Every structure is written in structure tokens, then in C-alpha cells.
Amino acid sequence: MKELVNKIETIVGPENVLANESDLLAYEFDGLTLFSGCPLAVALPKTTKEISSIVRLCREASVPFVPRGAGTGLSGGAVAIEGGIVIECQRMNQILKIDEADRYAVVQPGVVNAELSDAVGHLGLFYAPDPSSQQACTIGGNVAENSGGPHTLKYGTTTNHVLELELVLPDGEIVRLGCPAGGSVGFDFLGAMVGSEGTLGIVTEVTVRLTPLPEKVETLLGVFPDIVSACRAVGEILCSGLTPASLEISDQRTIRAVESSVYAAGIPTDAGAVLLIELDGIKEAVERQADRVSEIAMGCGASRIEVAKDEAERQRFWRARKGAFGAMGRLAPDLFVHDAVVPRKHLPEILRKICEIADHYGITLSNVFHAGDGNLHPNISFDRRDPEELKRVIAAGEEILRLCVDAGGVITGEHGIGIEKKEYLHLVFSESDLATMSLLRDVFDPGRVCNPGKIFPTTRFCTEANPKARGYDRVPFS
Amino acid sequence: MRRSAELQKFIDPSHLEDKATLTVDGLPLIAVASPSTIEELSRILHSLFENDLSVLVTGNGNRLHVGNPPTRADLRLSTLDLKGILEFDQEDGVIEVLAGTPLPQVRNVVNSEGWELPLDPPGNAPTLGGSLASAAFGPRFGHPRDFVLGLGMVMADGTQTKCGGRVIKNVTGYDLMKLYLGSYGSIGVIGSAWLRLLPYPESKKVLKLSFQKDDEGFKNSLKASRYASVRVACLTNSYPILETSLGSDSMILILEISGDEKAVERDFNELTNAYRADEIDDDVLLRIRANQNSSPNASDSLAIHFRVLPSKLPVVWSSLNELGFSCFSYPNRGDLFASLDPNRLISDTETLVSIRTLASDSGGSFVLERAPLRIKREFDVFGTDPSLSDITSSLKETFDPRGILNVGRVSGRN
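In order, the protein sequences belong to chains A and B. Per the numbering used here, numbering through the first sequence is continuous, rising by one, with the last residue being 478. Per the numbering used here, numbering through the second sequence is continuous, rising by one, with the last residue being 1414.
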């Protein structure tokens, strides 16, 4: 293996390879700290050709490789669970082209999501997918995970905004999929590539659609006595024919964590839930829609509606929402961010049952989620040094996923399957469904060297809450 | 070509019959299998797979002119009896529909509940399955990929599988849906689909704007077609759409603006102030849609669908005019449809190669949607990027290992 690392050093230069133990520690996890895997080495390439050469070397040596962006993923997708070489793309961080007339940009995979919108804002354009980690996560990672964000409800996820990809296939070939004008001729490989969690190839260049900035944005914060009435308001707003840009709910535990943190936004801590509503579009329409939304929310039991007076206040509202995960660090040393989607009409009932599950297992659970999409994030605060608590956390999480699937939902809306949920995939898909997915893997990566150990279950039908079966017993307790 | 009598030992005779010969690019088909449930579809495909019999899968036949000539097909597999709405969730605005259901039927059901079906392909009662399999679209909504939430598939060997789901946000497993949409039934047969619906717009207006056919005219027409409430933008100088002749130096932009009443009102006022614009009857939208299908009965005509960067439309349009094509476009999406009268037909494929290059140089793509058989035999109507030909063939071989589904029809003649 030393020989392989030496060869990689000749490709990217020794200064762009990390192989000592202390350097590799930073790569043992991604945003999900429940799983660890130490790579053999980390390569930091700067060009597509370098990635292609590294991939060819790995393939020849039958050593797996794992593409990685900023490592902000929440399902363990960038963890080298089977060892091998991590290929980190953060140094490929250039915006290569901005085309104002045809509204697209060409970027390298290491460009940070928010930086692209910053770069095109003066042209009256923005890049619509906005995951909560957008200040850190990279567009290459967003493509791998088909990232969403709070504005998915109106603007869609990453797959709706990617026009063309350059990628290195698991055999080292460099190909381009799609075209800047959008659309595809022949099989839509580009569509299948987005969200494939880095298991079918490594993205080395991305052409994305740029969206015109809305003329007017109105942000409202509805204060509700409980989460059920907030959910009811979401349903009624959407049934009224409106499509807000965002509909985000935070429950009381989240509000309290936020209000006692640096993200405090002045939300009353006795509120049962808050609903953040963002409307955008043509000025006259947005103003009228804001009135309608306020009326609906009040009719559903909101005690008051605050409308952001200016951009500073809008940012204050959003700080409370986007800072929620950070604020939860105050509740316990560890946070397990779940991610599931249910049909929206079931939100009130599902949330009530989730609370019952939390009570049953005696765990600390808070909810902050994309209500308009039905995309739940039940967050469990815990201490992984307590094995007994860890067991309860896992069991509760599994029960929540089952609940969501039974209601017609799925087990992930934006975080991906990764390592975290691969043993739960059978809750949604049959053996035949999974076998068909596996056919696609066969086409691109028959040798299973590209990001192995992700997505596909290894212990089908083994669903009991067994930390050992899921590898949680390997979590370091320090 | 086989007759039903020859196939009765493989397929339940109650789902099998001989019909008037349907000839697809020179291949005659008589026997038709018509399952009415997913299970029947599964059983039929399993039997065909086991006995190495190949099929051409059809809905209502609106897109049969698109594709390379089939290289083999023992019978036709029609989805027309596989019809019905399985579930309509009016609260969440999603619907599950069987593949053979005609879209007008679905549209009527959802419209009555305040929702809109975001599929508007041209043709005579296009089916859901046929529209999705051929990625057919119309002037309003574009490619169906943004509106399909889940698919129930039957694979070549009869195995029933699903991908996606019924919720509007989902990254659970590979997105196989994208591969099936536009794959013309070559790697699996669509049995059913979950679709996302859109709220029915509160207000609609249709406008006709006049422009000179020059760079300034193209520029202004693109600007007008990018107003926020524009849903349909069609740039044309075509007689069938306008029902009136225009000078060769003139173009008409037809816009449908829709959505919030106040937004429509404001855009209407701004557009009528900024351009020579008149409000017109919305019948024109039906003619636009029909024209997109480019002389469906003229088997010897030639029709191309381009997708190019909007800023490149003038150069592509002019180049095509010089070759004798008549054109119309959805400029905000970069779609351009070009057709050539049979008596001005291009006789050499070199010209088609140069037109394809024009499309790729314009940041886009090209599909030869209609052409005489002799041209289709020489020229891959989809074309294949040489760097993707191995993957394309591999996908076909992996998903359809015995080569029984719509053989030869798709990219690379797979």
C-alpha cells in the first residue's frame, strides 16, 4: 500500500497527499459522527486528469476510493468505511464560467454552495439549492447527495438545477453528461448520477442553472400554541393554491435551544411551535399572498404573525432556523439528525406519534423541519458515551423511520442513505427493487471500488435495534 | 411479425388478438398483447423473456415516429387496457395513474379539484406511459422529469419493481426514474407513475406580440418570454399556428401568462406597454401543441427537435431557414422545432451531421424526430457521444439481457 501512496504522490505531489495518522483523523468522520473509517491516505487533486490517474491506480491495485467534498454530509457518505483512498475535491474550487445571458455557471466541484450565489448576485441571479450547510458544503457534494434545503418547496433540489457534468468514471475514463442548454439525448445518465452518493463516479465539473432573484421576498414568522396547529396551517396554505418558497417549522424544544444560544431571534420560549413562511415573486402578488397566508395561519390558531420589516429582520428569522442544529449542541454532547419524508397531510399525526416514541424510549427529541415538503428532521440529543442511551437512540430512530414509511413516506429526503440508513433501505424497497438499483451499479462500477459500503444493505432483513450489527459499537467513546 | 395464433401457447389468449397491421419504420406488426393489470403485464413479459420473443411497446402511438428503426419485434405490447387512476391525494396534490390512462382523462379529474396536470404533450389522447417513456412534452410544462415522483416498472423478465415514491422530496436510493423517462421502453416497461400536480392558476391571459425577424427581434422576444408569469412562450412565423401568413421578415411571439391574478395583471400591462401586443383567444395554444408534432401523417417529411442555449436561437434558426426548414421555438427553454417539406428533402446524411454539430456548438442537443426510413437506416436519430457508447450499450444489455424490449430503437441503435 505504501507503493500506491507513493504513486499518488507522483501524480499530485507529496504536499497534496495526507498519510500520517494525525492528518487522517480529520477524515474519519463526516457530518455524522456515528460512523468512522480511517482511510489509507487522502489525496488532494487539483485537476480532472489527476483524479482520473488516481482512480486508475486504485482500480489496478483493487483499492477502494471515496470522493469527498467538505465532509458536511449527514449519512456517512464520505467516510472510508472500507479503508482506501479518500479523494478530496476541495482544492478544485474555481468558478470557471458565468453566463449571464443564458443563465448558467460552470464550476469545479469544490466551490462552496453559498459562494456561487454570492458571485452571481450582482447579475440578479442566484443558485437555488440552499442546504443548511451552504456556507461550507461544496457543489460537488451537493450533486452526489442531490441536496435540498429550505427553498426546495418552490425551487426543487439539486437535480432540477444541474445541466451538465464532467466526471471520472470508476475505470478512470473522463466523460461529460448533459449539455448547458439542459435536456438529454439518449439515456439520462446525468439524472441518475445526481444523488448517487459518489458510488458511480467522481464529479469534476458541474454546469448549473442560475435562477433570477425574485423581485420581492416577504418573510413571516407565525407563533403557534402547538406543533399540530402549525402543521395544519401548512396544509391549508398549500391547499389554497399558494406555493411559498419555504414553510419551515421549529418545535418548542428547538425554540428554547435557539433562544438560549447565539442564534437567539427573540422568539417567545413559551410558543409551542413557530412556522417560518417565505414568499417570493412579483411584488404585488407577494404582498397579496402574505395577507392570505397570515389569514390562514391565524385561522389555524397562530397567536401572532410577525412580518420581517427589512433584510436584517429576515436574516434574524432565518438565523433562528438555520442555527437550530448548532444550538442543539447545548442540549447534549451528540446529535443524531434524522431525515425522513411523509405525505404532508400526515404531518400532524406523525409528529404526535414521534413525540410518543421519544417518551417511550426516554430520549431528548426536537423537531425542526421542512414542513412544506413533508421532510422531517427529528433530532435526538444524546451522549454516545452512554451505551444504554445509544441503544435507545437507535431503537427510537428505527421506529420513527418505520412510522414514516408506513404512512407512505421514505427514509431520506435530502441526507442520503450513505452508511447510516443502508440497512433500512428494505423498509422502502423490495429485494427486486434493490436488485434493479444494483444493475445500475454493475454498469458503472462492477468491481465495487467507488465509494463501497454505501447505499446497499449488507444485512437485509436484519432490523432489530442492534448497535453491533450497524457498526455503532466501533464508535470511539472519547 | 407473428400472428396471435402462433403466440397463444406463450400468452393468455384473452389478452391477445390480431389487429390491422401497424408498420413501424418498415417493421409490420399484427399480433397485439394488451394486459389490463400490472400482474398481467408482468406475466406476459416473463413469458416473452423465457421464450426469447421481442416486443414493441406502445401506448396510443403518438410518438412511434420517434426512434431508430426497430431491428426485431414479434408482437406489439399495448398498454391501452392498463388504465385508471389508482389514487388521487387531493390534499397533497399527488396522483398515481396506470400507464395506459389517456392524459385528457387525468387532466379532467385533477382540474375539477383545483389542480393542474403538468404534462401537455401533443397528440391524440396521449397515454401517461407513452408520454413518460418518450419524455414527451408540450408548450406549457417541459420535460416530465421534474414532475414524476415514482414509477412502477415491469422489467424485461417480468419482474415488478418500483423506484422513487409518492412524496415530493426523496433521495432514497438511486434515481432510476431519470433513466426510464425518455428511454422509449427499451430498459423496462412503465406500469404506473406517481405524479406531482401544480395548483391550477388563478388567472390566465394569452398575448400575441409582433417582432421583426432580426437580432433585435430575437433579443426582445427572449426578454418578453422571461417575464415571471410567462408559462408558454412560442416564437413563430408559421402559418398553421397563426392561421395567417407573415412576411419572411416578421415573427410572432405568443405568450400565456398565468398564476396570481395581480402578477398576471402587472405583466400584462407591462408587456402591452413595452411591445406591440394584443390579447388573443387561447385556441392558439392547441395549434401550437399540434404543430409541435410536425405533420404526423407525412412519413416522408423531416422534423428535428433542438434544445439550444437561448442566445444561440437566432443563428440556429437562420441556418435552418437557409436549408429550407421552417421553424418555431419555445425561446425561454431553448426548444426549437424545425421541419422540412417532403419535396425539399435533404438527401444526404452529411447535412444532418452538420446540423447536429450546429446543435452541439450551440450548447445543446438534437433529435431527428421524423425522417424517411432510408435516412433513419443511415443516421442514428439520437446520436451517441462516442465516449458514452460503451455505457449506453452496457445499460441496455444489463437491463434487457435478452434484447426483447423495443430493440434497436434508442441511442446507439440499442
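Glycine is no exception: its CB is placed at the ideal position from the N, C-alpha and C atoms. In this text the structure is predicted, and so the values were computed from the model without any measurement.
Where does the unbroken beta strand (DSSP E) through S250/A begin, and where does it stop? 246 to 251
Alpha-carbon spacing of P409/A relative to I249/A, whole angstroms: Looking at the sequence provided, one finds Gly at residue 409/A rather than Pro. So the alpha carbons of these two residues sit roughly 18 Å apart.
Can you pull the chain A neighbours of D1089/B, defined as C-beta to C-beta under 8 Å? P343, K345
Own chain partners of V1064/B with C-beta closer than 7 Å, once the 5 adjacent residues on each side are dropped: Contrary to the premise, residue 1064/B reads as Leu rather than Val in this sequence. Cβ within range, chain order: V1024, T1058.
Local Cβ density within 10 Å of A435/A, reported as buried at 16 or more and exposed below that: exposed
Nearest to I1274/B (by Cα), restricted to the options D1385/B, L1207/B, L1309/B, G1363/B: Residue identity differs from the one stated: residue 1274/B is Ala in this sequence, not Ile. When only C-alpha atoms are compared, the closest one is L1207/B.
Can you pull the chain A neighbours of H1143/B, defined as C-beta to C-beta under 7 Å? G183
Between which residues of its own chain and T1349/B is the CB-CB distance below 6 Å, once the five residues before and five after are set aside? E1378, F1379
Tell me whether the region 271 to 290 of chain A and the region 212 to 229 of chain A touch, counting them as touching only if at least three CB pairs, one residue from each stretch, are closer than 8 Å. yes
Count the other CB atoms within 10 Å of the CB of Y155/A; is the residue buried (16 or more) or exposed (fewer)? buried
Own chain residues within Cβ distance below 6 Å of P1296/B, not counting five before or after: Residue confidence for P1296/B is low, a pLDDT of 48 falling below 50, so the modelled location carries little weight; the figure read from the coordinates is stated next. No residues qualify anywhere along the chain.
Would you say N379/A reaches chain B, if we count a Cβ-Cβ gap shorter than 8 Å as a contact? no
In terms of residues, what are the limits of the alpha helix (DSSP H) holding D1390/B? 1389 to 1399
Is I1252/B closer than 8 Å to E1269/B when the C-beta atoms are compared? The question names Glu, yet the displayed sequence has Asn at residue 1269/B. No, the Cβ-Cβ distance between N1269/B and I1252/B is not below 8 Å.
Which whole-angstrom value is the C-beta distance of P129/A and H370/A, which I expect to be below 8 Å? No, P129/A and H370/A are not in contact; Cβ-Cβ is about 13 Å, not under 8 Å.
How many angstroms separate the CA atom of P1069/B from the CA atom of I455/A? 38 Å
Could one say the Cβ of N93/A lies closer than 8 Å to chain B's Cβ atoms, at least one of them? no
Please identify the residue among A340/A, R316/A, I51/A whose C-alpha is closest to the C-alpha of T10/A. I51/A
For G37/A, the nearest candidate out of D102/A, G83/A, L57/A (CA to CA): G83/A
Whole angstroms is fine: what's the gap from F1382/B's alpha carbon to R1409/B's? 9 Å
Hey, does D373/A have any beta-carbon neighbour from chain B nearer than 8 Å? yes
When you check each C-beta in the region 125 to 146 of chain A against every C-beta of chain B, which residues fall closer than 8 Å? E145, N146
Hey, is A1228/B's beta-carbon within less than 8 Å of any beta-carbon in chain A? yes
C-beta atoms of I87/A and V111/A nearer than 8 Å: no
What is the DSSP secondary structure of T1416/B, reduced to helix, strand or coil? Lying outside 1001 to 1414, the shown extent of chain B, residue 1416/B is not represented and no answer is given.
Consider the Cβ of P1296/B: report whether some Cβ of chain A lies at a distance smaller than 8 Å. Low confidence applies here, because P1296/B scores a pLDDT of 48, under 50, leaving its location unreliable and the question unanswered by this model.
With a cut-off of 8 Å, does the C-beta of Q1160/B fall near any C-beta of chain A? yes
Since Y1330/B is in the beta strand (DSSP E), which residue starts that stretch and which ends it? 1326 to 1330
Enumerated in chain order, which unbroken segments of the beta strand (DSSP E) with a length of 3 residues or greater are wholly contained in the region 96 to 167 of chain A? 104 to 107
Give me the Cα-Cα distance between I1241/B and I1288/B, rounded to the nearest whole angstrom. 6 Å
Through-space distance from V1148/B to K1019/B, alpha-carbon basis: 32 Å
Of all Cβ atoms in chain B, is any one closer than 8 Å to the Cβ of P170/A? no
Within chain A, partners of L1181/B - CB distance below 7 Å: D188
What residues of chain A sit near V1167/B, judged by a beta carbon separation below 9 Å? V341, V342, P343, R344, D373, G374, N375, G408, G409, V410, G413
What does the alpha-carbon distance come out to for the pair L1045/B and G416/A? 33 Å
When we look at the beta-carbon of A1156/B and count the other beta-carbons within 10 Å, is it buried (16 or more) or exposed? buried
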